[in-house]
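Novice:
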Amino acid sequence: MLRPTRLVVLISGQGSLLAALLEAIEAGQLEAQVLAVGADRAAAGLARPKAQGIPTFVQRLPTGADRSVWDQALADQVAAYQPDLVVSAGFMKLVGKGFLDRFGGRFINTHPALLPSFPGAHAVRDALAAGVKVTGCTVFQVDQGVDTGPIIAQEPVLVAAGDDEDSLHERIKQVERRLLVRVIKEWSK
Ligand code: GAR
Numbered sequence: 000m001l002r003p004t005r006l007v008v009l010i011s012g013q014g015s016l017l018a019a020l021l022e023a024i025e026a027g028q029l030e031a032q033v034l035a036v037g038a039d040r041a042a043a044g045l046a047r048p049k050a051q052g053i054p055t056f057v058q059r060l061p062t063g064a065d066r067s068v069w070d071q072a073l074a075d076q077v078a079a080y081q082p083d084l085v086v087s088a089g090f091m092k093l094v095g096k097g098f099l100d101r102f103g104g105r106f107i108n109t110h111p112a113l114l115p116s117f118p119g120a121h122a123v124r125d126a127l128a129a130g131v132k133v134t135g136c137t138v139f140q141v142d143q144g145v146d147t148g149p150i151i152a153q154e155p156v157l158v159a160a161g162d163d164e165d166s167l168h169e170r171i172k173q174v175e176r177r178l179l180v181r182v183i184k185e186w187s188k
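Position one of the sequence shown corresponds to residue 0 (numbering that gives the first Met the number 0), numbered consecutively onward.
Structure, rendered in structure tokens:
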């Protein structure tokens with residue numbers, strides 16, 4: 000029998016995608032193990048893994064700090080858990096060559112838009128500003144660009160009349176949570 004896929008998850012915010020992964024694992028819908036959760040700040044989403052006894056770490060990038068040093072330090076923290084797959088689930092920092100040299104090809108990210116449209120940190124706001132009627136989410140393999148890596152899976156989400164950034168982002172996240180679980184399941188096969 001295959002062993003559960005060993006994951007390290009990186010977050011910056013609420014961690015609702017991480018929570019969806021943990022719930023899918025608990026429900027027996029995903030054969031995976033979250034070995035550790037890392038963040039670049041004191042993210043609210045760290046509370047849940049901490050409460051479950053999952054190790055957490057915070058690797059901050061202070062303003063003006065050498066990014067390659069931070070990158071190596073983050074890679075060292077992740078490597079200590081020997082993951083099969085690293086999942087960026089709302090991690091709002093770009094990693095560099097040092098990190099990708101070690102985890103390239105097994106580092107995936109989820110983005111709240113249909114890439115290559117609306118890359119970057121404000122995908123939902125940018126989609127609303129552009130007036131699109133359909134947006135969605137993308138799970139992709141991280142490369143050195145900004146949200147440019149090979150696309151693994153996408154799902155559309157309709158923009159509703161009267162949507163604001165929060166309402167649209169929440170509907171996208173409902174789809175993202177499911178999509179991320181599905182991609183990890185398929186990656187593990
Ligand atoms: C998700 O929508 C994810 O796609 C987005 O942050 C949210 C995290 O939600 N990531 C990006 O925008 C990366 N460019 P969560 O903290 O509730 O899991």
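Even for Gly, the Cβ is constructed at its ideal location relative to N, Cα and C.
Using only the heavy atoms of the ligand GAR, determine whether one of them is closer than 7 Å to the beta carbon of residue 134.
Specialist: no
Novice: So who's on the other strand from residue 38, going by DSSP bridges?
Specialist: 10, 57
Novice: According to DSSP, simplified to helix, strand and coil, what is residue 21?
Specialist: Of the three classes helix, strand and coil, the one that applies to residue 21 here is helix, per DSSP.
Novice: Under 8 Å, with one C-beta from each stretch per pair, do the segment 113-131 and the segment 79-88 reach the 3-pair mark?
Specialist: Not touching, per the Cβ criterion.
Novice: Excluding five sequence neighbours on each side, which residues of the same chain lie with their C-beta closer than 7 Å to the C-beta of residue 2?
Specialist: none
Novice: Taking all protein chains shown into account, do 16 or more other C-beta atoms lie within 10 angstroms of the C-beta of residue 0, making it buried, or fewer, making it exposed?
Specialist: Reliability of the predicted coordinates at residue 0 is poor, the pLDDT of 48 falling under 50, and no value is obtained from them.
Novice: Give the DSSP-derived three-state secondary structure of residue 172 in the structure shown.
Specialist: helix
Novice: Going by alpha carbons, who is nearest to residue 173 out of 7, 14, 6?
Specialist: Restricting attention to 7, 14, 6, the CA atom closest to the CA of residue 173 is found in 14.
Novice: For residue 114, which of 131, 146, 77 has the nearest alpha-carbon?
Specialist: 146
Novice: To the nearest angstrom, how far is it from the Cα of residue 6 to the Cα of residue 33?
Specialist: 5 Å
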